[in-house]
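To start, the structure under review is shown below, and the notes come after it.
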Amino acid sequence: MLEPGKQERQAVLTQIYRMDDKDFNKHFLQGMFTGEIHAAPKTLATSTEVLKFVLNVPGAIGYVRGAEADESVKIIHVDSRLPGDKDYSIRLHPKSAK
């Protein structure tokens, strides 16, 4: 999982998990307290680190921009679609100007 503040992380949290960082952290703390979850996801700083992690850890799942994925990883479908397909549901939204 990319570190907080990354656009990719925000897209995954809001569009797949339907939560923000605060809710995500609360979910994992509760799960660890009850024993349902044994460890929070590993947080990585860059897409390159995510790709290396997924390559080297059996069963690992990560997320990067579609254009950053390479042949070392398998790209999974979301709602039967791949990045670049029409109606692919996960989108990065430009950061709003402050």
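Quick note: the sequence shown, position 22, residue 6 per our numbering, numbers continuous.
All residues carry an ideal CB built from backbone N, CA and C; glycine is no exception.
Point to revise | Rounded C-alpha distance that separates serine 73 from glutamine -1 | key: 8 Å
Check your understanding: Would you call the CB atoms of isoleucine 21 and phenylalanine 12 closer than 7 Å?
Key -> yes
**Study point:** Distance CB(valine 48)-CB(valine 34) smaller than 7 Å
**Key:** yes
Exercise for review: Pick helix, strand or coil for arginine 65, following the three-state DSSP scheme.
Suggested key: strand
Check your understanding: Can you give the beta carbon distance from methionine 3 to arginine -7, rounded, assuming they're within the 8 Å contact cut?
Key -> That pair is no contact at about 12 Å.
Point to revise | Sequence-distant residues of the same chain with beta carbon closer than 7 Å to leucine 39, five excluded per side | key: Ser56, Val57
Exercise for review: Classify leucine 13 as helix, strand or coil using the three-state DSSP reduction.
Suggested key: helix
Check your understanding: Using the C-alpha atoms, what's the distance from glycine 50 back to glycine -11?
Key -> 19 Å
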